[in-house]
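So the sequence shown is numbered by the UniProt record's numbering: it starts at 1 and just counts up by one. Below is one structure, written out as structure tokens; comments come after it.
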Amino acid sequence: MGRRGYRLWIPETKRVEESHDVTFEEGTPHRTRARKDDGESEGDEETGGIIPTPQDTRANNPATNAESDESGHQRQNELIQLPAEIQEGIDERPRTPEPTPEPPRRSGREPIPSRRYLESEEYKERERAASDRRESWTDETPLALIAQQPYAFAATSGELWVPQSYKQAMNRPDLWTAPMEAEVNTLVKKECWDLVPLPPNANLTGGRWTYAIKFDALGNLLKRKARYVAQGYTQIQGLDYDKTYGGVARMESVRLVLAITAALKLSLFQVDFTAAFLNSPITHDVYMKQPEGFTVPGSEHLVCKLKKSIYGTMQGSHDWQATLAAGYIADGYTPSRADPCIRYKRVRDEYTITSTYGDDVCGGSSTKAGRDDAIAGLGKRWEANEVTTGVLLGMTIQQNPETKAITISQKTYFQRMLNHFGLDHVRRRNTPLPPNVKLKESPTPLPDEEQRFMKDKQYRPVIGSILWGQVCTRPDLAFAGSLLARYQLNPGRAHWECVEWVAGYILNTLDYAITYRAGPELGLKPYAYVDSDHAGCQDTYRSTSGYVFFMAGAPVSWSSKRQATVALSTTESEYIGLSRAAQQAVWIASFLSEVDLAQEGPIDMRGDNFGSVCLTENSKRHALVKHIEMRHHYVREKVASREVDIKRIRSGENVADIFTKALNGTTHSKFVSMLGIDRTE
């Protein structure tokens with residue numbers, strides 16, 4: 001009822017009118033017009049079905065016609081007596097059959113069975129029967145059974161099960177005996193140790209078997225691998241080892257190499273060293289137990305005196321990097337001081353560049369002969385094989401043979417991650433986080449209800465896997481990963497719900513990829529976008545800064561990080577963000593110079609705050625900025641020396657906004673497109 005009365009439908013005029021003068025016939029059944037199948041009325045007459053009152057329905061239901069009284073006898077329900085003329089009219093009218101209810105709407109998305117169901121006897125029986133009928137689906141590998149990457153999580157199911165000890169491996173000798181025999185043969189072939197009696201007062205280092213499975217870019221099993229490693233934690237510093245650091249290429253360095261390869265149209269190549277650490281002589285006397293299950297008969301009392309820095313030794317990585325560096329220099333390569341694991345070689349018009357991450361090498365050469373020479377040179381000194389699978393550290397790397405464009409993605413990695421943590425059925429999302437979400441630290445201790453809720457949640461492993469993905473190929477996950485990583489000490493329900501939201505976004509964007517291209521307007525000259533929020537952290541009121549650097553038409557370096565101090569104004573927080581970005585700009589310029597690809601002129605950096613841009617040029621409003629820490633004025637020095645040039649842009653054009661806050665779907669999609677992230681075909 002509105003302010004002007006009741007709204008009434010008048011059948012004669014077929015209009016809705018309003019009136020305060022209304023009489024309710026509460027004892028009279030409601031009458032409706034019968035409907036045809038097409039939904040139209042059968043006529044203008046007031047004929048049709050009757051919707052029975054609750055009393056009518058009860059009277060016609062044999063299950064409710066009789067009720068038991070306290071004495072246990074049944075009595076008939078008393079029906080409401082209607083006026084005779086009304087009851088007669090009701091009896092004469094034909095009943096309209098009850099309409100058939102519409103079936104519930106089903107999702108058009110094909111359901112994905114869980115791993116537990118796929119391993120059940122019921123499923124296996126169905127699969128065998130379908131295989132006998134030659135149904136095509138039996139040849140496909142379900143998503144829930146795709147194996148997990150060993151560096152992020154362990155495979156645990158069926159044929160993809162990975163043992164954690166020699167004893168477990170012996171439960172499936174058919175799978176793991178051959179890989180262990182191959183490992184022992186390699187150790188013997190490379191003369192990794194001599195069997196000797198343990199000297200008095202010498203430290204005996206333990207050893208153990210480790211196991212892993214390798215996959216190609218599509219998640220197909222390549223091989224099972226066993227490795228006998230030293231238990232380095234039983235070594236004694238000063239007696240068994242000294243230096244331990246062995247560097248690997250930074251992921252931004254790897255992307256810079258890929259961007260250079262695409263921009264200069266170099267031929268991409270990958271090389272994998274076989275048992276890399278076994279190529280480096282050990283620098284100390286180390287004694288280790290013989291491999292379990294492969295003790296030499298008659299020499300059980302002897303131990304292994306190491307001649308090579310096998311995997312697991314504390315000095316293994318350091319010794320391998322020293323050996324590798326010497327070999328590269330002997331082959332004519334020059335290491336970069338910006339990243340010693342990046343090396344280049346120029347011979348007349350032939351240019352070759354490489355990046356090394358442990359035993360994986362990725363690089364490019366300007367000629368096919370140079371590419372072949374680089375692969376042959378590495379294989380000449382150490383046992384190495386060219387990698388054709390296109391997989392590097394969980395990334396899938398593909399080069400277009402015609403345009404030389406390079407695409408990097410992590411679809412398989414994220415599929416296995418979601419499946420492993422049971423997050424492959426979450427609701428799909430269009431943004432990494434709920435728009436404008438604000439998180440705070442959980443109370444310590446958590447309430448009992450939240451403790452029970454979080455008991456089985458693998459918060460830290462999930463965050464670690466997300467962070468590795470964003471470090472490699474997904475700048476759109478940078479803010480979400482950075483924000484959620486702050487709460488690893490004591491996560492609560494709200495934090496886990498955001499983790500599930502991120503998982504839903506990843507599930508919806510599995511095929512996102514970055515592509516580096518050559519082009520007259522792309523090239524190697526880097527440029528950056530920089531942004532900061534103000535007091536966005538709800539616990540510390542510190543601000544979050546973000547930046548992204550582009551080369552060859554796609555991002556090569558990005559960051560989302562909470563500032564170390566509280567900023568008193570938006571200008572100050574933006575100024576601190578510009579200072580951080582200036583440091584990265586100087587490093588990238590140094591990187592390019594160190595690989596003989598120096599670029600002329602300053603690096604362009606773009607911000608959207610007028611006050612901070614002006615502050616990089618002078619301290620005109622001294623009273624407002626006198627408290628800013630001295631180190632943040634680094635950016636002003638670099639502007640003065642013409643190493644960076646800062647330009648102001650509109651906020652709507654600043655793609656770095658994606659690194660400072662949780663955006664709505666429209667804005668997020670816009671900035672993802674500006675980042676050069678596309679869906680792979």
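Heads up, the beta-carbon is just placed ideally off N, CA and C, and yes, glycines get one too.
- The criterion of a C-beta distance shorter than 8 Å is not satisfied by residue 424 and residue 433.
- Cβ-Cβ distances below 7 Å link residue 17 to 8 and 10 in the same chain, with the five nearest sequence neighbours on each side left out; the list follows chain order.
- Annotation: residue 631 to residue 382 spans about 46 Å, alpha carbon to alpha carbon.
- Beyond the five residues adjoining it in sequence on each side, residue 654 comes within less than 6 Å, by CB distance, of 529, 531 and 608 in the same chain, given in chain order.
- A Cβ-Cβ separation of about 5 Å places residue 253 in contact with residue 342 under the 8 Å criterion.
- Secondary structure in the stretch 247-276: the alpha helix (DSSP H) runs of 4 residues or longer, each lying completely within the stretch, are 251-263 in chain order.
- Taking residue 216 as the centre and dropping the five residues before and after it, the same chain places the C-beta of 222, 389 and 391 closer than 7 Å to its C-beta, in chain order.
- Burial is judged here by how many other beta carbons sit within 10 angstroms of a residue's own beta carbon; residue 404 has at least 16 and is buried.
- Counting along the chain, residue 370 sits inside the alpha helix (DSSP H) bounded by residues 368-381.
- Between the alpha carbons of residue 245 and residue 277 lies a gap of roughly 14 Å.
- Restricted to the stretch 489-570, the alpha helix (DSSP H) segments that are unbroken, complete and at least 4 residues in length are 493-508, listed in chain order.
- The C-alpha of residue 621 lies about 16 Å from the C-alpha of residue 574.
- With fewer than 16 other beta carbons inside 10 angstroms of its own, residue 519 counts as exposed.
- The stretch 162-171 makes contact with the stretch 203-210: 3 or more CB pairs, one atom from each, lie closer than 8 Å.
- DSSP, reduced to helix, strand and coil, places residue 334 within a strand of the structure shown.
- Here the alpha carbon of residue 615 sits roughly 28 Å from the alpha carbon of residue 662.
- For residue 467, no beta strand (DSSP E) segment is defined; the enclosing uninterrupted segment is the alpha helix (DSSP H) at 459-472.
- Listed in chain order, the non-local C-beta contacts of residue 350 below 6 Å within the same chain comprise 366, 367 and 370, local neighbours out to five positions each way being set aside.
- Listed as beta-bridge partners of residue 311 by DSSP are no residues whatsoever.
- Pairing residue 478 with residue 560 gives a Cβ-Cβ distance under 8 Å.
- Beta-bridge annotation (DSSP): residue 645 is paired with 604.
- Under the three-pair Cβ rule at 8 Å, the stretch 275-291 counts as touching the stretch 304-313.
- Rounded to whole angstroms, the gap between the alpha carbons of residue 315 and residue 186 is 20 Å.
- Shortest Cα-Cα distance from residue 484 to any of 470, 205, 474 and 499 involves 499.
- In the displayed model, residue 412 falls within a helix according to three-state DSSP.
- Of all alpha-carbon atoms in 398, 674, 673 and 571, the one lying nearest the alpha-carbon of residue 626 is that of 571.
- Residue 539 counts as exposed, since fewer than 16 other C-beta atoms from the protein chains shown sit within 10 angstroms of its C-beta.
- Shown here for residue 533: same chain residues with a beta carbon closer than 6 Å to its own, the five before and five after excluded, namely 543, 544, 660 and 661 in chain order.
- Distance from the Cα of residue 280 is smallest, within the candidate group 238, 324 and 243, for 324.
- In this structure, the alpha-carbon of residue 259 lies about 44 Å from that of residue 174.
- Excluding residues up to 5 positions away in sequence, 248 lie with their Cβ nearer than 6 Å to the Cβ of residue 358 in the same chain.
- For residue 215, the uninterrupted beta strand (DSSP E) segment begins and ends at 207-215.
- Here residue 598 is exposed. Its C-beta has fewer than 16 other C-beta atoms within 10 Å.
- Here residue 232 has 312, 313 and 314 as same chain residues with Cβ atoms under 7 Å from its own Cβ, once five neighbours each way along the sequence are excluded.
- Looking at the DSSP output, residue 303 bridges to 196.
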